[in-house]
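Have a look at the structure below, then the notes.
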Amino acid sequence: MRNRKVLLVIFAVLILSLAIPIKTTQTRGEVNNPDKLVEEFLKSMDNGNYAEVLDKMVLWVPFDPLNRVGNSGKLMDLSKAEEIGIDKVSATPEEAKNFNIQLLKDEAEIIKHTFGEDAFKNVTFTKERNDGVLDTVWVDIRTGKQITPQEAEKISIAFYDKLFRDNGFTEDEVNEVTNAAKNQTLTKALEERMQKLGQIVNENASRCPAQLKPITTEGYTYRLSFGLPESNKDYHSFFIRIEYRNGRWVTLCGIEMNLPEGEPGDI
Amino acid sequence: MKNITKEVRPLQVVKMTLSILIIVIFGLNLFSTQSVSSASYPTTPIVFSNISDKSGDYPAVCYSTTKNGYNVNGHIYVKFQDLATPLGAAYTVVSGPTYVLTINGQSNYFYPSSTTSYSQIYYTILDKSNNQTTPYSFSFSGTMPYPVMTIDGYPCVWVQYAACTLGSLIATWDSINNKFIIYHWRVNVNTPLSDSNTYLVGGEWLSNWDSNSTLNLAPHFKLGSDNIWSNYNPSSHPDYYRQVKIAQTVLQSMENTRSLMENTPYTPSCAFRSYWYNKSLSGSWIWSWHMKGRAMDAGGTTMRDTVIGDIGAVAGYDGFLYSTNPSSVTQWDEVESPSLATNWLHGQRAPRNQDNRSGPVPHCP
């Protein structure tokens with residue numbers, strides 16, 4: 685009986701131990717196997733479960749359908765969509781501004797409706813190197829190596845503490861200002877001291893060994909093209925963007941509609 | 025004896041195996057919970073956008089870039105570094121620790137687990153009538169509804185007020201598209217626009233803000249009573265009532281104009297305009313320099329024409345006249361032509377490519 689209780693407890697611990705990491709992987713916007721994700725995406729596309737596919741994506745690129753790369757920067761007039769072969773428009777330009785996610789979902793329907801069910805069956809995709817500067821990391825400029833935010837904080841504080849001391853401020857004086865500012869009890873004198881400390885920080889920021897640096901993402905864009913007529917291929921393409929950022933894979937996805945400058949639809 | 029050994033050994037093996045398993049599982053769990061504790065908040069897109077038209081309740085998104093924020097029980101948080109980068113702000117950590125975001129001369133301080141923020145900027149204004157330079161301090165504490173916290177190992181801040189302290193025109197949750205949007209003039213996809221101006225930034229996110237109408241920002245000009253803040257109440261957007269972002273150069277030119285007009289006191293009709301104030305004005309420009317904190321309207325035709333003479337104004341672009349006199353008293357770089365500013369002076373400082381006219385800044389559609 686006692687052994688059974690022990691086993692029950694062990695079993696409960698086992699379940700709990702496993703459950704927590706499972707929850708984590710579900711809430712993170714990361715994937716370990718981008719190729720697998722692409723495969724799943726294609727499979728769902730084949731089954732016509734567009735909404736499911738879109739919902740499955742871990743994180744949406746907040747996509748502005750009216751401001752596309754390659755566009756002339758003008759607003760796209762969806763009322764002219766028929767001229768470029770789209771015969772169903774579900775949103776006015778004004779609505780599209782506010783409902784871009786809806787537009788993404790509708791877009792799949794538009795392509796299907798216009799080019800037939802087979803449009804999604806002739807998927808070809810290319811893998812392109814994607815080197816956009818999208819992120820920043822902390823680096824120690826003395827070694828050139830990436831450091832954690834905690835290490836950056838430690839290095840940075842030590843650097844400024846020394847600077848404050850070199851400029852005649854004792855640790856107590858610095859703490860007094862910090863605590864007063866935090867507690868909203870700054871006097872005029874402390875405010876002036878805070879100004880001097882702030883000046884020291886601003887003037888020496890570029891010399892601090894811990895620096896934020898923009899990083900070039902290592903990753904790829906998987907670009908999917910559908911069985912569209914040759915003349916329209918330039919206009920539509922779905923894409924899944926998969927990037928390696930900060931040491932982990934992040935999946936982004938969206939839809940792109942390229943409208944060459946001066947073409948119908950581009951007002 | 026032999027039988028007993030046979031019975032006990034398997035039990036010992038089972039117990040040992042289970043013990044090892046438990047230790048391993050606990051060990052693994054310990055590691056995973058470390059990442060769980062910080063990763064248990066879902067990510068939410070935070071869109072940084074330049075500023076476009078005035079047709080909608082909010083401007084359209086353009087020249088944008090996106091960072092991941094965290095949804096902490098419905099409140100959107102952003103890493104300090106992710107807030108700083110797209111706006112061209114500097115992020116440093118000093119004693120305390122104190123997290124410092126500095127942009128265009130104004131430093132904004134934040135503290136771990138605290139709802140307090142502190143905005144501070146010092147600048148000087150020269151009164152040309154007596155050739156005296158006066159130092160000014162613009163220092164305000166603020167209280168955010170939610171404290172600074174560490175997520176994923178990164179110090180993070182409640183994005184709305186933090187973005188406002190950095191001079192964003194608007195920082196708001198887009199409930200239709202489930203994303204947070206920050207509108208700021210310096211956003212330019214992944215490369216923020218440079219801007220060497222010094223701006224005083226304030227608004228309802230600072231403590232007792234409304235009581236500062238008579239705060240002197242220059243020898244003869246006050247924050248509220250001289251209409252430097254945007255004294256227009258967009259009732260549906262109360263956080264932007266009395267918002268201000270004003271360049272030190274504009275305050276200086278306001279003083280210089282008074283000096284040029286033989287020290288005749290005047291009250292500007294408008295300096296900074298919030299997005300909704302600008303939108304409410306039928307003749308306003310969608311890229312108005314008032315929204316950038318770099319313009320002032322005041323006076324009548326006498327002041328306008330005197331300034332036009334002072335700067336040696338010649339015809340420029342889009343109805344503006346630009347200065348040909350680098351030694352002008354007022355130092356206004358551009359004024360509106362009399363055909364637009366029919367009976368007032370509209371002066372603006374260092375427009376177009378921030379500090380010179382060599383090229384246009386990106387203009388959103």
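Residue numbers (the working numbering), protein chains in the order written: chain A, 685 to 951; chain G, 25 to 389. Beta carbons are placed, not taken as given, at the ideal position from N, Cα and C, and that holds for glycine.
According to the Cβ coordinates, are residue i and residue j closer than 9 Å?
| i | j | result |
| --- | --- | --- |
| G98/G | D106/G | no |
| Y115/G | T139/G | no |
| Y223/G | N128/G | yes |
| S165/G | S141/G | yes |
| E279/G | L364/G | no |
| A322/G | Q372/G | no |
| S88/G | V102/G | no |
| T196/G | Y82/G | yes |
| G227/G | S237/G | no |
| A889/A | M878/A | no |
| L125/G | H208/G | no |
| L896/A | V823/A | yes |
| M315/G | S298/G | yes |
| V395/G | S137/G | A question about residue 395/G goes unanswered here, because the residues of chain G that appear run from 25 up to 389. |
| S293/G | W229/G | no |
Name, in chain order, the residues that DSSP records as bridge partners for residue i.
| i | result |
| --- | --- |
| Q144/G | S131/G and S163/G |
| A114/G | T126/G |
| F204/G | I70/G and W197/G |
| G371/G | M320/G and V359/G |
| T325/G | Partner(s): none; T325/G has no beta bridge. |
| G248/G | According to DSSP, which records beta bridges pairwise, G248/G is partnered with nothing at all. |
| M173/G | C180/G |
| A894/A | D824/A |
| T819/A | Residue identity differs from the one stated: residue 819/A is Asp in this sequence, not Thr. Answer by DSSP bridge pairing, in chain order: I899/A. |
| V268/G | G226/G |
| P136/G | V172/G |
For a test of the three-state rule: what should DSSP assign to residue i, helix, strand or coil?
| i | result |
| --- | --- |
| Q830/A | strand |
| I839/A | helix |
| K152/G | coil |
| V213/G | coil |
| C188/G | helix |
| P262/G | helix |
| N240/G | strand |
| L364/G | coil |
| V225/G | strand |
| W419/G | What the structure shows of chain G is the stretch from 25 to 389, and residue 419/G is not part of that stretch, so it cannot be assessed. |
| I825/A | coil |
| E766/A | For E766/A, the predicted structure reports a pLDDT of 40, less than 50, and the residue's modelled location is therefore unreliable. A value from the coordinates is still provided. If DSSP states are grouped into helix, strand and coil, E766/A belongs with the helices. |
| A339/G | strand |
| T157/G | strand |
| K955/A | Here chain A covers residues 685 to 951 and nothing more, so residue 955/A does not appear. |
| Y82/G | coil |
| Y290/G | coil |
| C230/G | At residue 230/G the sequence reads Leu, which differs from the Cys that was named. In this structure, L230/G counts as strand in the three-state DSSP scheme. |
| G93/G | strand |
| F344/G | strand |
| I100/G | strand |
| D856/A | helix |
Taking buried to mean at least 16 other C-beta atoms within 10 Å of its own C-beta, is residue i buried or exposed?
| i | result |
| --- | --- |
| G307/G | exposed |
| D24/G | Look at the range of chain G in this structure, 25 to 389, and you will see that residue 24/G is not part of it. |
| S131/G | buried |
| P179/G | buried |
| N751/A | Caution is warranted here: a pLDDT of 30 is assigned to N751/A, below 50, making its placement in the model unreliable, and the coordinate value is therefore given only provisionally. Buried, by the Cβ-count rule. |
| V183/G | buried |
| K78/G | buried |
| A374/G | buried |
| I205/G | buried |
| I252/G | buried |
| R328/G | buried |
| N287/G | exposed |
| D186/G | Note on residue identity: the sequence assigns Ala, not Asp, to residue 186/G. Result: buried. |
| P898/A | exposed |
| Q355/G | buried |
request  = Return the residues of the segment 99–133 of chain G that lie within a Cβ-Cβ distance of less than 7 Å from chain A, sorted by chain order.
outcome  = Q105, T109, A114, Y115, T116, V117, V118, S119, G120, P121, T122, V124, T126, S131 and Y133
task = Compile a chain-ordered list of the residues in the segment 866–887 of chain A whose CB is closer than 7 Å to at least one CB of chain G.
result = K866, Q868, E875, M878, Q879, G882, V885 and N886
query = Relative to chain G, which residues along the segment 830–842 of chain A have a C-beta separation below 8 Å, given in chain order?
reply = T832, P833, Q834, A836, E837, S840 and I841
ask   = Of all the residues that make up the segment 172–195 of chain G, which are near chain A by a beta-carbon distance shorter than 8 Å?
value = G177, Y178 and P179
task = Select from the segment 261–278 of chain G all residues with a C-beta closer than 7 Å to any C-beta belonging to chain C, and list them in chain order.
result = Among the protein chains in the structure shown, which are A and G, there is no chain C.
inquiry  = Closer than 7 Å between beta carbons: that is the criterion. Which residues of the segment 135–146 of chain G meet it against chain A?
reply    = Y135, S138, T140, Y142, Q144 and Y146
query = Any residues in the segment 229–261 of chain G with a beta carbon nearer than 8 Å to a beta carbon of chain A? Which ones, in chain order?
reply = S231
task = May I ask you to list, following chain order, the residues of the segment 344–370 of chain G that have a beta carbon less than 8 Å from some beta carbon of chain A?
result = none
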